[in-house]
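**Student:** Read in order, the letters of the sequence shown are residues 3 to 843 in the working numbering.
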Amino acid sequence: GVSTVGNTDPDTGAQSPYPQPSYQAGVAGGISTTARVIPDVSFFGANGANASDYMLCIDPADCVNGTPDSLQYSGGGASSLAASAFAGVAALIVQSHGPQGNLNDGLYATHAAAPSAFHDITAGTNKVVCAPGSPNCGGDNFTTGYNAGPGYDAASGLGSVDVANLLANWRSGKGSGGTTVTVSITRAGKPVKTFTHNDATVDLIVTVAGGAAGTPTGSVSVTGTTVGNPTQAIFATTVDSTGHASFPFGDVAGLMPGGSYSVVARYGGDASYAPAVGSTPVTVRKVPGKLQMLTTDQNNNPLPVYNGQTVSYGTNVQFTFLASDANDPNDPMSATGLVTLLDNGKRLTSLPLSSEGFATFSSSRLGAGSHVFTASYGGDTTFTASPALTGPAPSVVVGSVPTVTTLVATDPNPSFANTMLTLVATVTPNNVCSPLVPCPTGAAPGGTVSFTTAANVVLGTVTLGPGVNTGSSPPNTAVLTLPRNSFALNSTNSITATYTPDATGNYATSTSAPVTVTVGAGTGAVGTATSISTTPAGASNFFDTSSLIFVATVNNTVRRRPTPTGTVTFYSNGTAFPPVTLDTAGIAAFSIPQNGDGLLSLPLGQSTIIAQYNGDATHAPSSSSYKINVYDQVSTPDFAMQSNVTSRTISAGSKTARFALQFTSMNNLAALNIPITLTATGPATITCSGAPNSPNFGAGIYATVNYTCKPAPGVTVAGTMAMPPARSGRFWMAGGGAALACVFLFGMPGRRRNWQSLLGSLALIVVAFGFTGCGANVATKDPGYATISSGSGTGQANAAGTLTPGVYTVVVTGSANVLANGQDNTTVSVVHTIPLKIVVQ
Numbered sequence: 003g004v005s006t007v008g009n010t011d012p013d014t015g016a017q018s019p020y021p022q023p024s025y026q027a028g029v030a031g032g033i034s035t036t037a038r039v040i041p042d043v044s045f046f047g048a049n050g051a052n053a054s055d056y057m058l059c060i061d062p063a064d065c066v067n068g069t070p071d072s073l074q075y076s077g078g079g080a081s082s083l084a085a086s087a088f089a090g091v092a093a094l095i096v097q098s099h100g101p102q103g104n105l106n107d108g109l110y111a112t113h114a115a116a117p118s119a120f121h122d123i124t125a126g127t128n129k130v131v132c133a134p135g136s137p138n139c140g141g142d143n144f145t146t147g148y149n150a151g152p153g154y155d156a157a158s159g160l161g162s163v164d165v166a167n168l169l170a171n172w173r174s175g176k177g178s179g180g181t182t183v184t185v186s187i188t189r190a191g192k193p194v195k196t197f198t199h200n201d202a203t204v205d206l207i208v209t210v211a212g213g214a215a216g217t218p219t220g221s222v223s224v225t226g227t228t229v230g231n232p233t234q235a236i237f238a239t240t241v242d243s244t245g246h247a248s249f250p251f252g253d254v255a256g257l258m259p260g261g262s263y264s265v266v267a268r269y270g271g272d273a274s275y276a277p278a279v280g281s282t283p284v285t286v287r288k289v290p291g292k293l294q295m296l297t298t299d300q301n302n303n304p305l306p307v308y309n310g311q312t313v314s315y316g317t318n319v320q321f322t323f324l325a326s327d328a329n330d331p332n333d334p335m336s337a338t339g340l341v342t343l344l345d346n347g348k349r350l351t352s353l354p355l356s357s358e359g360f361a362t363f364s365s366s367r368l369g370a371g372s373h374v375f376t377a378s379y380g381g382d383t384t385f386t387a388s389p390a391l392t393g394p395a396p397s398v399v400v401g402s403v404p405t406v407t408t409l410v411a412t413d414p415n416p417s418f419a420n421t422m423l424t425l426v427a428t429v430t431p432n433n434v435c436s437p438l439v440p441c442p443t444g445a446a447p448g449g450t451v452s453f454t455t456a457a458n459v460v461l462g463t464v465t466l467g468p469g470v471n472t473g474s475s476p477p478n479t480a481v482l483t484l485p486r487n488s489f490a491l492n493s494t495n496s497i498t499a500t501y502t503p504d505a506t507g508n509y510a511t512s513t514s515a516p517v518t519v520t521v522g523a524g525t526g527a528v529g530t531a532t533s534i535s536t537t538p539a540g541a542s543n544f545f546d547t548s549s550l551i552f553v554a555t556v557n558n559t560v561r562r563r564p565t566p567t568g569t570v571t572f573y574s575n576g577t578a579f580p581p582v583t584l585d586t587a588g589i590a591a592f593s594i595p596q597n598g599d600g601l602l603s604l605p606l607g608q609s610t611i612i613a614q615y616n617g618d619a620t621h622a623p624s625s626s627s628y629k630i631n632v633y634d635q636v637s638t639p640d641f642a643m644q645s646n647v648t649s650r651t652i653s654a655g656s657k658t659a660r661f662a663l664q665f666t667s668m669n670n671l672a673a674l675n676i677p678i679t680l681t682a683t684g685p686a687t688i689t690c691s692g693a694p695n696s697p698n699f700g701a702g703i704y705a706t707v708n709y710t711c712k713p714a715p716g717v718t719v720a721g722t723m724a725m726p727p728a729r730s731g732r733f734w735m736a737g738g739g740a741a742l743a744c745v746f747l748f749g750m751p752g753r754r755r756n757w758q759s760l761l762g763s764l765a766l767i768v769v770a771f772g773f774t775g776c777g778a779n780v781a782t783k784d785p786g787y788a789t790i791s792s793g794s795g796t797g798q799a800n801a802a803g804t805l806t807p808g809v810y811t812v813v814v815t816g817s818a819n820v821l822a823n824g825q826d827n828t829t830v831s832v833v834h835t836i837p838l839k840i841v842v843q
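#1: Which class does S627 belong to by DSSP, given the choice of helix, strand or coil?
#2: Can you tell me where the alpha helix (DSSP H) with D107 in it begins and where it stops?
#3: From P566, T577 and N575, pick the residue whose C-alpha is nearest to that of L584; which is it?
#4: Return the CA-CA distance between F363 and S831, expressed in angstroms with no decimal places.
#5: Go ahead and pull the three-state DSSP assignment for R88.
#6: Relative to the C-alpha of A202, which candidate in T219, S452 and L257 has its C-alpha closest?
#7: Got a sec? Which residues, its chain only, sit under 6 angstroms from D107 by beta carbon, not counting five neighbours each side?
#8: When burial is assigned at 16 or more other CB atoms within 10 Å of the CB, is V1 buried or exposed?
#9: For G584, which of helix, strand or coil comes out of DSSP?
#10: How far does the beta strand (DSSP E) with N167 in it reach, from first residue to last?
#11: At what residue ranges does the segment 529-602 contain a whole run of the beta strand (DSSP E), taking only runs of 3 or more?
#12: Cα separation between A116 and N128?
#13: Tell me which residues share the same chain as V460 and place their Cβ nearer than 8 angstroms to its Cβ, disregarding the 5 neighbours each side in the sequence.
#14: Please tell me whether Y275 and A215 are closer than 8 angstroms, where the distance is taken between their beta carbons.
#15: Just checking my contact of F661 with Y709 at CB under 8 angstroms: how many whole Å lie between their CB atoms?
#16: So, helix, strand or coil for N329, using DSSP?
#17: Per DSSP, which one or two residues make a beta bridge with Q644?
#18: Report the three-state DSSP secondary structure of V254 (helix, strand or coil).
#19: Look up L674 in the DSSP assignment and say whether it is helix, strand or coil.
#20: Nearest-angstrom Cα distance between G177 and A93?
#21: Are P639 and L671 closer than 8 angstroms when you measure CB to CB?
#22: Quick check: what's the CA-CA separation for G692 versus G369?
#23: When you compare the segment 381-388 with the segment 279-295, are there three or more beta-carbon pairs, one atom per stretch, that lie closer than 8 angstroms?
#24: Going by C-alpha distance, which of T494, A590, R563 and A480 is nearest I534?
#25: Mark R268 as exposed unless 16 or more other C-beta atoms lie within 10 angstroms of its C-beta, in which case mark it buried.
#26: Just to confirm, is the Cβ distance from S221 to W172 under 8 angstroms?
#27: Is V717 closer than 8 angstroms to I1 when the C-beta atoms are compared?
#28: Can you tell me whether N708 is helix, strand or coil according to DSSP?
#29: Checking 8 angstroms against the spacing of the C-beta atoms, do I612 and F544 come in under that value?
#30: Three-state secondary structure (DSSP) at Q300?
#31: Would you call the segment 682-692 and the segment 807-814 touching, i.e. three or more CB-CB distances under 8 angstroms?
#32: Return the chain-ordered list of same chain residues with a C-beta closer than 6 angstroms to the C-beta of L168, the five sequence neighbours on each side being excluded.
#33: Under DSSP, the beta strand (DSSP E) around V194 begins and ends at which residues?
#34: Going by beta carbon distance, what residues of the same chain come within less than 6 angstroms of R561, once the five residues before and after it are set aside?
#35: Taking the CB atoms as reference points, tell me whether N646 and S223 lie closer together than 8 angstroms.
#36: In angstroms, rounded to a whole number, what distance separates the CA positions of I594 and L305?
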């Protein structure tokens, strides 16, 4: 169920003189939902309203194998939650009953005709806890507000909705009179079809003509419906006494995106007349675009400016770009598309612009050396490309991080001859950190470690594996095991370990202090073999809140000998824990201790655990090592997935649609070296492939896939596509979609607050048109869906072997198996999708 709460301002406590459901109040802003949300129940509990003002959500990563073995709940809510949730209900109403206009009439008409469609909330309050002395805070430390009661009330409105019942008993509350909607675009009183975005001389007027019942009243919404692209809101206003509606603030062309499309006007209807739709085609030319790097954010807070300063490797380098109108800084239209970033002339990544025209680069993996960045904007239908930044380009020098190498020999000293010797060298970044200067978070040191005697004899060289980094100063460990007969009996040997960085130069070389190894006389001790395991068995991935137990088992290498006795010492990255005594079966179990804050006393990232059996009078020492990864328990590794464009056209002359899919590592996914698997679902007549098809972040946090869609083998492209007819039912759903909801619900960007103040007064009108959710599109033609194996280059053609004109959808799915939040050694698949439109003409 979905609640429709009362129109009560939580700051002033003011109540609207006309009861409004929360979906409309939420669009206007400033309305409290005051709802307790219980999973699988409803926005309100069965017994009434509650002042919690939040909803509870299940983190999908907590559902293991489809079962919520462990649940984590996240908070969210307020008017944006109520508005977006009820938008889904509104879409179902429009889908079932056609255009509705303002849903208020239908909601209250339905409530009067079928009260069972609503669950009346009779107990509870919309007051919330407040700090004493804060605005509107009462003496009981709760904000001023309203209590729920029988029937409509300011706290809970009509109550929560039984959606199926609401749809079955819906009453529109609209008249049946016929209306005609005409859209006129003029310049100096003369009709025009082609003009430039931001042309202040262009006017747009909507005329609504009725019949004998007089001049229609009510609301009009105007959108730009580009084939294959989301509906773009232009403006919404009311019909005046002459049956006309126009943008009341001038410069309507500034709200119209570039491109060729239909401008669609939707009349919401009134008590006498039914809703209606009209449209006219236009071509809007581009204006010059520019790209600049910001030095302050939208709240005028300073942003870091990089102009050649030196930072340590692993420092998070971040800067923000803004693509916008080169001639009008107050242009309300936001740029879309990609910003391409080059590092020393080489392409680093392509950054998709946000809904407000911003793109942010952030990386803690810039390699050592000088970095000079250049950037360009590729343009879109409204703004031309900007081949270079306006103003200076950022630059930074990344310096190598000092390291400290430590060396230990895990065997007893002195020890038996002719047995194995284990040497452990740990390389740790030596970052200088403070509360004001956080530790860098680069990858663990890579390269080699050489073990050398005082006589410069190299005992062995170990290549460091790719250490997993989930925190600052991640260590990496090299283990060398060699026969003790490498040394003379009764000898004393000095050994050092030297770290040599890899070619990246991110870390500096370092040498350990010498370790003395004494080899005793005597031979013939019984050989042993030590093995190490974890609980659960075979686990290698743990959280820092885990209970981590290692079990060492010591066995004879010769049959029919006594069971080994004595102790086992466990080491973590070369640091010894207290010895553990073997039991009668030759087994020693050790639990990694926790710090005072309940976290494991291990660094985040990769650790090498060594179990060293120390031997007894009969048995020789032996050891075994085991690598584990320790993660922060806060967040699940994830990735963001976007496309530079979401719609491409193919035809008989140009049969290939190309997209650039952009991937960004989140929550340290890049450090795990996990590939992302791509698949696609779409019409059998279209095949898609990615290069590469399993992107991996490697040393960076960004990845790009060149994604190509084309007709399947044996399929031909036929015909020329005409503009689809303006069928009111289908177009209503598209035009009432979240383009309106998103623009008016979330507001204009801060840099355009003059527009925000003007459009705010129109916000309530928006809800006169059915919502379909952010990213809604016009109806598409999707025949014969099948799963496409991306990268296979094959697809299944339909029987006709022809790709007919229309708009087709291909859904690209990216998935990666990552460590489940809170589930040791348990993986889940994080999945993201992108719908791509293929316009065939």
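From the three backbone atoms N, C-alpha and C, an ideal C-beta is built for every residue, glycine too. For clarity, every value in this text was computed on a predicted model and none was experimentally measured.
**Tutor:** Looking at the coordinates:
#1: Within the sequence shown, the letter at position 625 stands for residue 627. The answer is strand: DSSP assigns S627 an E or B state.
#2: Position 105 of the sequence shown, counted from the start, is the residue given in the question as residue 107. For D107, the enclosing alpha helix (DSSP H) has its first and last residue at L105 to A115.
#3: The sequence position of residue 584 within the sequence shown is 582, counting from 1. Per the Cα distances, P566.
#4: Reading the sequence shown from its first residue, position 361 is the one you call residue 363. Reading the sequence shown from its first residue, position 829 is the one you call residue 831. Their Cα atoms are separated by approximately 26 angstroms.
#5: Residue mapping note: residue 88 aligns to position 86 of the sequence shown, counting from 1. Checking the displayed sequence, the identity of residue 88 turns out to be Phe instead of Arg. If DSSP states are grouped into helix, strand and coil, F88 belongs with the helices.
#6: Residue numbering aside, residue 202 sits at position 200 when the sequence shown is read from its first letter. Ranking the options by Cα distance to A202, first place goes to L257.
#7: Position 105 of the sequence shown holds residue 107. The residues are G175.
#8: Residue 1 is absent from the model: the chain starts at 3 and stops at 843.
#9: Working through the sequence shown from its first residue, we reach residue 584 at position 582. Position check: residue 584 holds Leu in this sequence, whereas Gly was assumed. Correct three-state label for L584: coil.
#10: To locate residue 167, count along the sequence shown from 1; it is residue 165. Careful: N167 lies outside any beta strand (DSSP E), inside the alpha helix (DSSP H) at V165 to A170.
#11: List check, beta strand (DSSP E) in window: 530-537, 543-545, 551-558, 569-574 and 589-593.
#12: Taking the sequence shown and counting its residues from 1, the one referred to as residue 116 is at position 114. Taking the sequence shown and counting its residues from 1, the one referred to as residue 128 is at position 126. CA-CA distance, A116 to N128, rounds to 26 angstroms.
#13: Here residue 460 refers to the residue found at position 458 of the sequence shown. Taken in chain order, the residues that qualify are S452, F453 and T454.
#14: Mapped onto the sequence shown, residue 275 falls at position 273. Mapped onto the sequence shown, residue 215 falls at position 213. Cβ distance < 8 angstroms, so Y275 and A215 count as in contact.
#15: Looking up residue 661 in the sequence shown gives position 659. Looking up residue 709 in the sequence shown gives position 707. Cβ atoms of F661 and Y709 come within 8 angstroms of each other, at about 4 angstroms.
#16: Stepping through the sequence shown from its first residue, residue 329 is reached at position 327. The answer is coil: DSSP assigns N329 none of H, G, I, E or B.
#17: Your numbering for residue 644 matches position 642 in the sequence shown. In DSSP, Q644 forms a bridge with Q664.
#18: In the sequence shown, counting from the first residue as 1, residue 254 sits at position 252. Correct three-state label for V254: helix.
#19: To locate residue 674, count along the sequence shown from 1; it is residue 672. L674 falls in the helix class under three-state DSSP.
#20: Locating residue 177 in the sequence shown gives position 175, counting from the first residue. Locating residue 93 in the sequence shown gives position 91, counting from the first residue. Each residue's alpha carbon lies about 20 angstroms from the other.
#21: The residue labelled residue 639 in the question sits at position 637 within the sequence shown. The residue labelled residue 671 in the question sits at position 669 within the sequence shown. Contact annotation: P639 and L671 have beta-carbon atoms nearer than 8 angstroms.
#22: Taking the first residue of the sequence shown as position 1, residue 692 is located at position 690. Taking the first residue of the sequence shown as position 1, residue 369 is located at position 367. Rounded to whole angstroms, G692 to G369 spans 28 angstroms at the Cα level.
#23: Touching, yes.
#24: Residue mapping note: residue 534 aligns to position 532 of the sequence shown, counting from 1. Checking every option, the nearest Cα to that of I534 belongs to A590.
#25: For the purposes of this step, residue 268 is taken as residue 266 along the sequence shown, with counting starting at 1. Using a 10 angstroms sphere on the CB of R268, the tally of other CB atoms reaches 16 or more, which defines it as buried.
#26: Residue numbering aside, residue 221 sits at position 219 when the sequence shown is read from its first letter. Residue numbering aside, residue 172 sits at position 170 when the sequence shown is read from its first letter. With respect to W172, S221 sits apart: the two C-beta atoms are not nearer than 8 angstroms.
#27: As shown, the chain starts at 3 and ends at 843. That puts residue 1 outside it, with no answer to give.
#28: The sequence position of residue 708 within the sequence shown is 706, counting from 1. Residue state for N708 is assigned as strand, using DSSP reduced to three classes.
#29: By one-based count along the sequence shown, residue 612 stands at place 610. By one-based count along the sequence shown, residue 544 stands at place 542. No, Cβ-Cβ distance for I612 and F544 is not below 8 angstroms.
#30: Numbered from its first residue, the sequence shown carries residue 300 at position 298. Q300 carries a coil assignment under DSSP once its states are collapsed to helix, strand and coil.
#31: With the cut-off at 8 angstroms, the segment 682-692 and the segment 807-814 touch.
#32: Locating residue 168 in the sequence shown gives position 166, counting from the first residue. A119.
#33: Within the sequence shown, the letter at position 192 stands for residue 194. Looking at the DSSP string, V194 is not in any beta strand (DSSP E), and its letter there is neither H nor E.
#34: Reading the sequence shown from its first residue, position 559 is the one you call residue 561. The beta carbon of R561 lies closer than 6 angstroms to none in the same chain, with the five residues before and after it left out.
#35: For the purposes of this step, residue 646 is identified with residue 644 of the sequence shown, where counting begins at 1. For the purposes of this step, residue 223 is identified with residue 221 of the sequence shown, where counting begins at 1. No, these two residues do not count as a Cβ contact at 8 angstroms.
#36: In the sequence shown, the residue the question calls residue 594 occupies position 592. In the sequence shown, the residue the question calls residue 305 occupies position 303. Cα to Cα, the separation comes out at about 42 angstroms.
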